[in-house]
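*Asks:* Okay, handing you the structure first.
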Amino acid sequence: MGNCKSSSRARLGKAHVVPDSEWRMQDFGKTHVPDLEWRINDFSSLLETGAKSAKSDAFHCSGYLHVSPMHKEIGSETQYVALRLKTSEASMVPGHTVHVVFELSIYNHTKGMYCGCKDTYNFHFKNTYSKEQCLIPLQELLKSSAFLVDHSCVFGVEILKIDVSSPEKMAVVVQKKDTTVQNLFVQKKGFVKRTYTWNMNNFLDLDLDHFVRSPTFEVDGHKWYVRIYPRGDKYSTDCLSLYLYLDASDELHLESKKVVVMTLSILDQKNGKHLTATSGLLVFTGGCGWGWADFLGLKNLKDPSGGYVVGSSCVVKADLTIVGSSNDG
7 MGNCKSSSRA RLGKAHVVPD SEWRMQDFGK THVPDLEWRI NDFSSLLETG
57 AKSAKSDAFH CSGYLHVSPM HKEIGSETQY VALRLKTSEA SMVPGHTVHV
107 VFELSIYNHT KGMYCGCKDT YNFHFKNTYS KEQCLIPLQE LLKSSAFLVD
157 HSCVFGVEIL KIDVSSPEKM AVVVQKKDTT VQNLFVQKKG FVKRTYTWNM
207 NNFLDLDLDH FVRSPTFEVD GHKWYVRIYP RGDKYSTDCL SLYLYLDASD
257 ELHLESKKVV VMTLSILDQK NGKHLTATSG LLVFTGGCGW GWADFLGLKN
307 LKDPSGGYVV GSSCVVKADL TIVGSSNDG
């Protein structure tokens, strides 16, 4: 992910919007030119991974487009394709609120225009996901010849306005740039899987005020490592932070980027009640890291009745599945 910041998080949020019973989408017309055009090739392959979500690579407004292909609202069994906007944590400043007006959309090939909804959201340092907007029922999309062409669909996001509220009363001007075009490819089979276990026998002797990185390990010809913040990074709240990185020396930015589903775990060495978190589909490139700032509360980490730290031993496990690739169009 070329614009991926070193402390990006892959946390999942909750939906807030109840979809209209007839899911009427606004036609934006041919004049609607998105800032990001994101094509998901072979949408059925995305569904077959079972992933709850997929994120685009970053586009020029320091944002990511997030799709939940099988989203359900509370009290409803209907599955919707839902979109939301995510901002980069590294672009946010504590004490600042960023008010964004944007449009989330899906391309209608029959009409030759984007259709979707307009939304607004106040992003801040620890709230980097907008509400999920249900665009279309999944089954309607799968049988549509307007939104699904050659098994692929195209999503878009346009940033209309950004205002920053801060003690300095900063003004931000959004300059229109050429549309960023990205392609996501999900394999049907032949996924590359690897488990890496990191045994830290000197956990209590580590520099707890900073991060510690594991030795590198190889998956699919590329070097990866785990980064842990024993007392949490600046995005956490009294929690240990845990991330997976693709090594910065890896020249993956010169070719297709890797699309990965990851599971990170801290093992309970006494009771076997391991703490585990699993991501949706994420795009990795050299120097990119994804993970969770609030992975494990420090109180639970230090609890002597638990088994996350035994003596001075802490064990972290990373499970990687490479399910596809991503490139710029």
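Residues 7 to 335 (this note's numbering) are what the sequence shown spells out, left to right.
Yeah, the Cβ is synthetic: ideal placement off N, Cα and C, and Gly gets one too.
Treat the numbers as computed from the prediction; the structure is a model and nothing was measured.
1. Tell me where the beta strand (DSSP E) around residue 229 begins and ends.
2. Could you name the residues of the same chain whose beta carbon sits closer than 8 angstroms to that of residue 188, not counting the 5 residues immediately before and after it, in chain order?
3. The beta strand (DSSP E) with residue 191 in it runs from where to where?
4. Just to confirm my understanding: we take residue 36, look at its own chain, exclude 5 residues before and 5 after, and list those with CB closer than 7 angstroms. What are they?
5. Look up residue 121 in the DSSP assignment and give the residues it is bridged to.
6. Could you tell me whether the Cβ atoms of residue 314 and residue 272 are closer together than 8 angstroms?
7. Got a sec, what are the start and stop residues for the beta strand (DSSP E) residue 308 sits in?
8. Over the uninterrupted beta strand (DSSP E) stretch that includes residue 290, give me the two end residues.
9. Out of curiosity, what's the CA-to-CA distance linking residue 281 and residue 114?
10. Where do the ends of the alpha helix (DSSP H) carrying residue 138 lie?
11. Would you give the residue range spanned by the beta strand (DSSP E) that residue 281 belongs to?
12. Rounded to the nearest angstrom, how far is the Cβ of residue 139 from that of residue 88, given a contact under 8 angstroms?
13. Return the residue from the list 57, 231, 148 that minimises the CA-CA distance to residue 201.
14. Could you pull out every residue in the same chain whose Cβ sits closer than 7 angstroms to the Cβ of residue 233, ignoring the five residues on either side in sequence?
15. For residue 263 and residue 311, what's the separation of their Cα atoms in angstroms?
16. In terms of alpha-carbon separation, which member of 246, 225, 226 lies closest to residue 235?
17. How should residue 7 be labelled, buried or exposed, when 16 other C-beta atoms within 10 angstroms of its C-beta is the threshold for buried?
18. Within the continuous alpha helix (DSSP H) that includes residue 50, where are the two ends?
19. Consult DSSP for residue 242 and reduce its assignment to one of helix, strand or coil.
20. For residue 157 and residue 287, what's the separation of their Cα atoms in angstroms?
21. Which residue or residues does DSSP assign as beta-bridge partners of residue 65?
22. Count the other CB atoms, across all protein chains shown, that sit within 10 Å of the CB of residue 109; report buried if there are 16 or more and exposed otherwise.
23. Rank 274, 95, 185 by C-alpha distance to the C-alpha of residue 205 and give the top, closest one.
24. Give the C-beta separation of residue 225 and residue 326 to the nearest angstrom, bearing in mind that I take them to be a contact with Cβ-Cβ under 8 angstroms.
25. Figure out for me which residue from 153, 98, 103, 210 has the closest Cα to the Cα of residue 122.
26. Provide the residue span of the alpha helix (DSSP H) that contains residue 79, from first to last.
27. For residue 267, does the count of other Cβ atoms within 10 angstroms reach 16, so buried, or fall short, so exposed?
28. So, for residue 75: in the same chain, excluding its five sequence neighbours on each side, which residues have a beta-carbon less than 7 angstroms away from its beta-carbon?
29. Taking 8 angstroms as the CB-CB limit, is residue 274 close to chain B?
30. Hey, out of 39, 228, 284, 237, whose CA is closest to residue 56's CA?
31. What residue from 279, 329, 323, 297 has the CA that sits closest to residue 306's CA?
*Replies:* For this structure:
1. 228-235
2. 42, 43, 44, 45, 62, 63, 65, 332, 333, 334, 335
3. 186-192
4. 118, 119
5. 33, 112
6. yes
7. Segment 304-308 is the alpha helix (DSSP H) holding residue 308; no beta strand (DSSP E) there.
8. 288-290
9. 42 angstroms
10. Segment: none, residue 138 is in no alpha helix (DSSP H) and carries neither H nor E.
11. 281-284
12. 6 angstroms
13. 231
14. 217, 219, 249, 251, 295
15. 42 angstroms
16. 246
17. Reliability fails at residue 7, whose pLDDT of 29 lies under 50, so the model's placement of it is uncertain and no value is given.
18. 49-54
19. coil
20. 18 angstroms
21. 69
22. buried
23. 274
24. 5 angstroms
25. 153
26. Careful: residue 79 lies outside any alpha helix (DSSP H) and carries neither H nor E.
27. buried
28. 52, 53, 87, 144
29. The structure shown contains no chain B; it holds only a single protein chain.
30. 284
31. 279
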